[in-house]
Amino acid sequence: MTKKVKSLAEQALFASAIFILFLLLFESKIVVPTWVQPIGRMHPLFLHFPIVILLLAMAMELFRFNASYAANEFYRGFLSNLLLVGVLSAGITVIMGLFLSKEDGYSGEVLQWHKWSGIGLFYLSCLIYWSRNRDWYQATVARSGAILAVVFLIGAGHYGAVLTHGDNFITGPISNPSVEPVALDQALVFDHVIQPIFQQKCISCHNPEKLKGELNMADVDALLKGGKSGKLFKAGFPDQSLLLQRIHLPLEEKKHMPPTGKTQLTADEMTLLALWVKSKPDFKKRVIDLPPTDSLRRIAATLLKPAEQQEVVYEFDAADEETVQKLNNDYRTIAPLARESPALAVNLYNRNTYSVDKLKELSDIKQQVVSLSLNKLPVKDADLKTIAQFENLQKLDLNFTDITGKDLKELAALKHLNTLTLSGTKVTYADLQKQIGDFKSLKTVSLWETKLSGPEIQQLQKANRNIAFIAGFKDDGKNPITLNPPQIKNSSTIFDKPTALQLKHPIKGVEIRFTTDGTEPDSVNSPVFNNQTVLTDRATIKARAFKDGWFGSSTATFDFYKSAYKPDSVNLLLPLNRVHQAEGAKSLFDHKLGTFNANSPAWANNWTGVRNNDMVLVAEYKKPVTVSSVALRIMVEEATGIFPPGTVEIWGGDSRDKMKLLTTVKPKMPVKGETPSIPNVTCTFKPQPLAYIKVVAKPCTLPEWHGGKGKPGLVLVDEMFVN
106 MTKKVKSLAE QALFASAIFI LFLLLFESKI VVPTWVQPIG RMHPLFLHFP
156 IVILLLAMAM ELFRFNASYA ANEFYRGFLS NLLLVGVLSA GITVIMGLFL
206 SKEDGYSGEV LQWHKWSGIG LFYLSCLIYW SRNRDWYQAT VARSGAILAV
256 VFLIGAGHYG AVLTHGDNFI TGPISNPSVE PVALDQALVF DHVIQPIFQQ
306 KCISCHNPEK LKGELNMADV DALLKGGKSG KLFKAGFPDQ SLLLQRIHLP
356 LEEKKHMPPT GKTQLTADEM TLLALWVKSK PDFKKRVIDL PPTDSLRRIA
406 ATLLKPAEQQ EVVYEFDAAD EETVQKLNND YRTIAPLARE SPALAVNLYN
456 RNTYSVDKLK ELSDIKQQVV SLSLNKLPVK DADLKTIAQF ENLQKLDLNF
506 TDITGKDLKE LAALKHLNTL TLSGTKVTYA DLQKQIGDFK SLKTVSLWET
556 KLSGPEIQQL QKANRNIAFI AGFKDDGKNP ITLNPPQIKN SSTIFDKPTA
606 LQLKHPIKGV EIRFTTDGTE PDSVNSPVFN NQTVLTDRAT IKARAFKDGW
656 FGSSTATFDF YKSAYKPDSV NLLLPLNRVH QAEGAKSLFD HKLGTFNANS
706 PAWANNWTGV RNNDMVLVAE YKKPVTVSSV ALRIMVEEAT GIFPPGTVEI
756 WGGDSRDKMK LLTTVKPKMP VKGETPSIPN VTCTFKPQPL AYIKVVAKPC
806 TLPEWHGGKG KPGLVLVDEM FVN
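Structure representation (structure tokens):
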């Protein structure tokens with residue numbers, strides 16, 4: 106490093122130290138402007154550079170006074186330069202971090218530890234650099250300072266990792282090597298199914314130490330409170346809940362959660378959250394309190410351990426193996442219920458070969474039969490008396506048999522019977538009402554596809570609280586889920602030649618209907634999207650998703666813009682507003698559109714603006730192009746003084762010095778209370794070949810009814826379209 110460069114670097118280091126001190130002294134009064142925010146957001150990217158440099162420099166400082174290095178001129182010079190680079194880059198990193206900490210979502214004790222350990226590292230490193238040639242700076246001081254600097258560096262890095270990745274990020278694999286899933290019969294819906302999703306995918310950004318959007322998802326009270334954008338969910342209405350809206354946004358959308366780069370939610374996780382919100386969240390409900398057919402319970406069961414079951418001890422001995430083998434044949438299978446268990450499960454098949462004698466043939470093993478399946482066989486009411494001989498029977502499957510239920514009392518003697526399936530049979534409410542109370546151990550009765558009505562099954566349930574009557578799912582049309590809106594697949598909504606419209610939806614079997622005339626699409630009259638629509642001019646696409654059994658989605662609106670000719674060069678003749686610089690002239694033809702959301706980079710980075718002077722842009726084409734229109738995409742938000750230009754002039758010609766006025770347009774001004782919008786100001790004129798185009802947008806004077814009356818309005822433009 107030359108003396109001149111080193112001198113400049115040392116001056117920059119001194120200036121950084123003073124500037125950081127200034128930022129600390131006036132921290133509470135400093136507001137970071139929008140255009141500075143990208144500098145602060147570079148903090149996580151830039152910080153790795155000083156970490157590596159300072160670690161290496163401090164390691165070399167430890168050995169600086171060793172005899173073999175003390176006299177080495179290259180070692181001393183290299184170390185001095187390395188330390189200077191490390192300290193200066195640390196100062197830049199600290200400044201970036203102080204800017205970043207002023208944004209919403211950064212607060213708490215961990216932030217303070219991270220900030221002050223980083224600042225402490227910087228000033229300690231400065232002290233080492235500025236003192237290292239003093240007489241009193243000897244081996245003991247050098248080594249102590251280097252070790253202390255490394256301690257500060259590790260501390261700052263650790264607390265930074267906690268802010269970025271959450272508490273216990275580094276030691277988590279050691280302190281919690283594996284988390285055993287909770288047993289199904291012990292699991293709570295929120296604690297063991299929903300909260301783990303938040304823990305893995307959300308809490309690293311939404312915790313007391315890093316409140317992104319002022320939202321804390323680390324505990325129930327904070328979860329119910331919501332954040333800056335409002336309540337996280339509306340109980341019973343997943344389609345109206347911010348939580349579900351954000352996770353279903355397209356991945357490229359800035360508000361999509363989790364953010365791009367973070368681990369995304371799986372389809373099952375998104376479904377679980379929707380079902381949880383729809384069920385009106387109860388933070389104490391157990392999973393097994395949900396009906397067996399409930400979708401949330403079924404998905405949760407795949408994530409949890411099976412309910413712990415005690416080993417069943419039977420009082421009877423195992424049947425003779427030879428006897429069991431003889432009874433097995435083409436229409437009947439007999440097998441142990443479990444390995445080493447004396448209990449047997451029997452299944453009979455083939456309607457054509459069935460008779461009650463096939464049951465009587467099992468008399469030699471009647472004590473051992475605990476499960477009997479007669480599904481879809483022509484079993485009659487009279488056969489129930491024979492079935493009653495299996496004294497230890499626990500599970501009996503009579504689904505789709507010919508029984509009517511009038512002789513069910515024959516089974517009441519089975520003191521161990523806990524599961525009885527009667528789906529698809531001719532059982533009646535009257536017969537069940539009379540006889541079901543006699544079953545002492547019965548826990549579950551299946552009644553799918555029977556003549557019993559919903560109210561009758563509810564009456565049975567009310568009278569027999571120890572028995573679960575399963576009627577299956579019946580869609581009454583009262584609780585369908587609303588589809589999320591269609592998404593766009595086009596990489597850009599700005600095109601220069603005919604382009605195919607590309608829409609998509611994450612749910613299979615969805616029908617997308619759309620319009621191009623500004624009307625709202627419906628499920629009957631609007632055309633079905635079939636991937637064959639080609640856009641040739643500016644268009645506003647409105648689309649909705651439809652599917653049987655679901656509510657249609659809300660309308661998604663996509664604005665497409667045609668810009669046939671991109672200039673070879675552009676430049677602005679007058680300065681832009683200090684806050685709304687974007688990327689200067691080139692941002693007006695970069696096909697990047699701005700948004701309303703002031704917290705979005707698309708707002709901060711894509712809008713160019715003027716207030717105190719005209720916006721004057723000159724575009725050049727090396728080969729003249731035939732032009733008939735120029736359009737400006739502007740923002741209108743009257744409440745904040747963002748108004749259309751008072752006038753827009755379009756000039757053109759074949760040379761920069763000989764342009765003539767082609768047209769003047771006076772855009773429509775907003776009225777008080779008008780909804781914010783992002784319209785186009787389109788200027789048309791007679792088609793003609795042009796090599797140069799000049800656009801002059803003049804700010805208006807705010808009207809009398811406005812709070813800023815008499816002052817110039819702010820003109821914001823994010824894109825210009827030629828033809």
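Just so we're aligned: 359 in this note's numbering is position 254 of the sequence shown, and the numbers increase by one with no gaps anywhere. For every residue, glycine included, the Cβ atom is placed at its ideal position computed from N, Cα and C. This one's a predicted model, so the numbers in the text were calculated from it and none came from an experiment.
Distance, residue j Cα to residue i Cα
i, j, result
"Trp553", "Gly529", "6 angstroms"
"Val484", "Val461", "8 angstroms"
"Ser668", "Gly812", "37 angstroms"
"Val684", "Ser185", "40 angstroms"
"Ile783", "Gly623", "15 angstroms"
"Ser112", "Cys805", "50 angstroms"
"Pro386", "Asn785", "45 angstroms"
"Asn595", "Ile299", "34 angstroms"
"Gly225", "Pro781", "47 angstroms"
"Asn717", "Leu161", "51 angstroms"
"Val451", "Val532", "24 angstroms"
"Lys306", "Gln369", "7 angstroms"
"Ala65", "Phe342", "Beyond the ends of the chain as shown, which are 106 and 828, falls residue 65; an answer cannot be given."
"Thr769", "Tyr264", "58 angstroms"
Residue i versus the options, residue with shortest Cα-Cα distance
i, options, result
"Thr621", "His219, Glu420, Arg649", "Arg649"
"Leu678", "Lys109, Gly657, Ile233, Val723", "Val723"
"Gly746", "Val392, Gly818, Lys799", "Gly818"
"Ile470", "Leu766, Thr438, Gly260", "Thr438"
"Val801", "Gln793, Lys671, Pro680, Ser334", "Pro680"
"Glu426", "Gln473, Lys490, Val157", "Gln473"
"Val325", "Ser334, Lys317, His311", "His311"
"Trp140", "Gln686, Gly331, Lys691", "Gln686"
"Gly196", "Ser121, Pro591, Ala176, Glu420", "Ser121"
"Val822", "Lys765, Gly757, Ala690, Thr768", "Ala690"
"Phe790", "Ser734, Glu420, Leu640, Lys481", "Ser734"
"His696", "Lys671, Asn676, Leu482, Asn682", "Lys671"
"Ser551", "Ala568, Gly559, Ala576", "Ala576"
"Ser222", "Glu625, Glu561, Pro749, Gly262", "Gly262"
"Met201", "Ile144, Ser230, Ile233", "Ile144"
"Leu205", "Ser476, Phe151, Ile233", "Phe151"
"Leu254", "Gly331, Ala288, Ala244, Ala164", "Note that residue 254 is Ala in the sequence shown here, rather than Leu. Checking every option, the nearest Cα to that of Ala254 belongs to Ala164."
"Tyr436", "Arg618, Gly318, Tyr459", "Tyr459"
"Lys831", "Leu501, Arg761, Ile755, Leu442", "Residue 831 is absent from the structure shown; the chain starts at 106 and stops at 828."
For residue i, the first and last residue of its enclosing alpha helix (DSSP H)
i, result
"Thr660", "Where Thr660 is concerned, there is no enclosing alpha helix (DSSP H), given that its DSSP letter is neither H nor E."
"Val325", "325 to 330"
"Lys765", "Premise fails: Lys765 lies in the beta strand (DSSP E), 765 to 770, not in any alpha helix (DSSP H)."
"Glu166", "153 to 167"
"Glu115", "108 to 130"
"Val474", "From DSSP, Val474 is part of no alpha helix (DSSP H) but of the beta strand (DSSP E) over 474 to 478."
"Met201", "178 to 206"
Start-to-end residues for the beta strand (DSSP E) that takes in residue i
i, result
"Ile755", "750 to 758"
"Tyr797", "785 to 804"
"Ala644", "644 to 651"
"Leu501", "500 to 502"
"Phe574", "573 to 575"
"Asp296", "Segment: none, Asp296 is in no beta strand (DSSP E) and carries neither H nor E."
"Thr376", "That residue, Thr376, is in no beta strand (DSSP E); its alpha helix (DSSP H) goes 372 to 383."
Buried versus exposed, by CB contacts within 10 Å (16 or more), residue i
i, result
"Glu824", "buried"
"Pro632", "exposed"
"Arg570", "exposed"
"Asn497", "buried"
"Pro282", "The pLDDT assigned to Pro282 is 45, lower than 50, so where the model puts this residue is not dependable, and the model offers no usable value."
"Trp712", "buried"
"Leu499", "The identity of residue 499 in the sequence shown is Gln, whereas the question assumes Leu. It counts as buried."
"Lys220", "buried"
"Phe257", "buried"
"Gln563", "exposed"
"Leu378", "buried"
"Ile492", "buried"
"Gly831", "Coverage of the chain is limited to positions 106 through 828, which leaves residue 831 absent and any answer about it impossible."
- request: Enumerate, from N- to C-terminal direction, the unbroken alpha helix (DSSP H) stretches of 4 or more residues contained entirely within the segment 666 to 728.
  value: Taken in chain order, the unbroken stretches of alpha helix (DSSP H) that lie wholly in the segment 666 to 728 and span 4 residues or more are 706 to 711.
- prompt: Can you give, in chain order, each stretch of the alpha helix (DSSP H) that sits fully within the segment 397 to 463 and has at least 4 residues?
  reply: Secondary structure within the segment 397 to 463: the alpha helix (DSSP H) runs of 4 or more consecutive residues, fully enclosed, are 400 to 408, 426 to 432 (chain order).
task: Entirely within the segment 507 to 589 and at least 4 residues each: give me those alpha helix (DSSP H) ranges in chain order.
output: Unbroken alpha helix (DSSP H) runs of no fewer than 4 residues, entirely contained in the segment 507 to 589, are found at 534 to 540, 559 to 568, following chain order.
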